[in-house]
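In terms of the working numbering, the sequence shown is residues 38 to 147.
From the three backbone atoms N, C-alpha and C, an ideal C-beta is built for every residue, glycine too.
Just so we're clear, the structure is a prediction, and the values are computed from it rather than from any experiment.
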Amino acid sequence: TREDLALCYQRFQELNTQVVHSKFVTGAKATYRPGSELVKLAGLDLLDSQAVDQVLSQMKQSRSPQLMAGMQEIILKWVEIMRTKFDVLVLPHHTQVVCMIICLQYIMAR
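If you want it as structure tokens, here you go:
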């Protein structure tokens, strides 16, 4: 199954029962919009080292809002460490990225 950011938000909204949490999901969606994923993986063979290089290049070139740019930098460092240490591409799932954004927004709102 491929990851789908729009479906990820749909599931968050379905699980969400409190209005206060809904604003954080809405805020996350405004920060990390469907169509602005960290990388585009469609058509890439992630077992091919050139494809992995393309993914890293995409992450380095991507322009994101300030909150996402900070997270993206952390994610990129993690991806590079995992590739160097274990020769494997490790990218977070959309749900993980959305959860991090929601947590950051909650912390900043306090």
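- Residue environment analysis places phenylalanine 61 among the buried positions, since at least 16 neighbouring C-beta atoms fall within 10 angstroms of its C-beta.
- With a 10 Å radius around the Cβ and a threshold of 16 neighbouring Cβ atoms, cysteine 140 comes out exposed.
- For the alpha helix (DSSP H) assignment, the uninterrupted runs of no fewer than 4 residues enclosed by the segment 84 to 132 are, from N- to C-terminal side, 86 to 98 and 103 to 123.
- Inter-residue distance for threonine 132 and glutamine 98 is about 22 Å (C-alpha atoms, whole angstroms).
- Inclusion of isoleucine 138 and threonine 63 in the CB contact set at 7 Å is not warranted, their separation being larger than that value.
- Per DSSP, the unbroken alpha helix (DSSP H) holding glutamate 51 starts and ends at 42 to 52.
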